[in-house]
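**Q**
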């Protein structure tokens, strides 16, 4: 049975940048990023690991959280990862 949950995930890339995205299955999506499928950002900056995962109950909630995280400065994203 497939979960109705959505996830917001933060990836660390080779250049030490942070990519944020949403998915129903963040592990599958991470593998897709590794294979170069999808986001242009992770095609040129290979992801190294999943840094943080947030669980959301709806796609709308996940999209709003993703938007908020993407607006943060790098320093604030780093703080969020280690909270």
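Numbering (our numbering), first residue to last: 95 to 177.
Where is the CB? At the ideal position from N, CA and C, for every residue including glycine.
Just so you know, these numbers come straight off a predicted model, no measurement behind them.
#1: Below 8 Å CB to CB, which residues in the same chain sit around residue 95 once its five sequence neighbours on both sides are set aside?
#2: How far does the alpha helix (DSSP H) with residue 145 in it extend, from its first residue to its last?
#3: Under the rule that 16 or more other beta-carbon atoms within 10 Å means buried, what is residue 163, buried or exposed?
#4: Taking Cβ to Cβ, would you say residue 160 is nearer than 7 Å to residue 104?
#5: Ordered along the chain, which non-local residues of its own chain (more than five positions away) have a Cβ less than 8 Å from that of residue 112?
#6: Helix, strand or coil, according to DSSP, for residue 105 in the structure here?
#7: Looking at the structure shown, is residue 136 part of a helix, part of a strand, or coil, going by DSSP?
#8: Identify whether residue 165 lies in helix, strand or coil by the three-state DSSP scheme.
**A** The relevant details are as follows:
#1: Any reading at residue 95 must be qualified, since the residue scores a pLDDT of 41, below 50, and its modelled position is unreliable; the value itself is stated next. Around residue 95: no qualifying Cβ.
#2: Going by DSSP, residue 145 is part of no alpha helix (DSSP H) but of the beta strand (DSSP E) stretching over 141–150.
#3: So residue 163 ends up on the buried side.
#4: In this structure, residue 104 does not lie closer than 7 Å to residue 160 by Cβ.
#5: Excluding residues within five positions, the ones whose Cβ falls inside 8 Å are 104, 105, 106, 145, 168, 171, 172 and 175.
#6: Reduced to three states, the DSSP call for residue 105 is strand.
#7: When secondary structure is reduced to three states using DSSP, residue 136 falls in the helix class.
#8: Helix.
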